[in-house]
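S.K.:
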Amino acid sequence: MTAHKFSVIIAGAGPVGLSAAHALRLANIDFLVLEKRQIVVIDVGASIAVGPASLRVIHQLGLLGSLLEVSHRSERKKALTIDGRIVKDTPFYHHLKEKYDSIVNHLKG
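The UniProt record's numbering numbers the first residue of the sequence shown as 1 and each following residue consecutively.
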């Protein structure tokens with residue numbers, strides 16, 4: 001049986017698309033990422049939360065160390081109005097630590 005060479009098209013350069021691209025690169029599979037925006041990362045003042053399941057995938061892709069260098073642990077979960085008034089403020093990290101201790105222990109405070 002002859003192996004067929006193929007390429008993969010990835011629609012979107014968000015976290016999932018870029019993770020897929022990285023995994024394909026590690027597997028030596030040709031791919032093309034299509035993104036409608038000219039700038040992939042736009043700093044709009046928001047945070048990106050990465051949960052334990054995503055952290056496991058990031059670890060498997062060999063990217064956990066790089067992520068930990070530029071991230072920090074969120075001790076509290078806050079909801080704010082558009083003018084910055086806090087409408088909800090609850091403890092966050094300890095819930096993750098209780099349920100997913102092995103992966104979240106890597107997160108620095």
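Just so you know, even glycine gets a beta-carbon here, dropped at the ideal spot from N, CA and C.
Quantities reported herein were computed from a predicted structural model and do not represent experimental measurements.
Per DSSP, Phe31 forms a beta bridge with which residues?
M.R.: Numbered from its first residue, the sequence shown carries residue 31 at position 31. DSSP output for Phe31 lists Val8 as bridge partner(s).
S.K.: Can you tell me whether Ile58 is buried or exposed? The criterion is at least 16 other CB atoms within 10 Å of its CB, across all chains shown.
M.R.: The residue given as residue 58 occupies position 58 in the sequence shown. So Ile58 ends up on the buried side.
S.K.: Short of 8 Å in beta carbon distance, which residues of its chain neighbour Gly17, apart from the five on each side in sequence? Order them along the chain.
M.R.: Position 17 of the sequence shown, counted from the start, is the residue given in the question as residue 17. If we look at Gly17 and ignore the five residues flanking it on each side, its Cβ neighbours are Ile10, Ala11, Val33, Glu35.
S.K.: Could you have a look at Val57 and say whether DSSP puts it in helix, strand or coil?
M.R.: On the sequence shown, position 57 is the one that residue 57 refers to. Three-state DSSP puts Val57 in a helix.
S.K.: Confirm, please, whether the CB-CB distance from Ala20 to Leu61 is below 8 Å.
M.R.: As a first step, residue 61 is located in the sequence shown; it is residue number 61 there, counting from the start. As a first step, residue 20 is located in the sequence shown; it is residue number 20 there, counting from the start. Not in contact: Leu61 and Ala20 (Cβ atoms no closer than 8 Å).
S.K.: By Cβ distance, which residues of its chain are closer than 7 Å to Ala13, with the 5 residues on each side in sequence left out?
M.R.: Translated into positions along the sequence shown, residue 13 becomes position 13. Once the five neighbours on either side are set aside, the close Cβ partners of Ala13 are Val33, Glu35, Val40.
S.K.: Can you name, in chain order, every residue of its own chain whose Cβ lies under 8 Å from the Cβ of Val87, other than the five neighbours on each side?
M.R.: Taking the sequence shown and counting its residues from 1, the one referred to as residue 87 is at position 87. Once the five neighbours on either side are set aside, the close Cβ partners of Val87 are Ala79, Leu80, Thr81.
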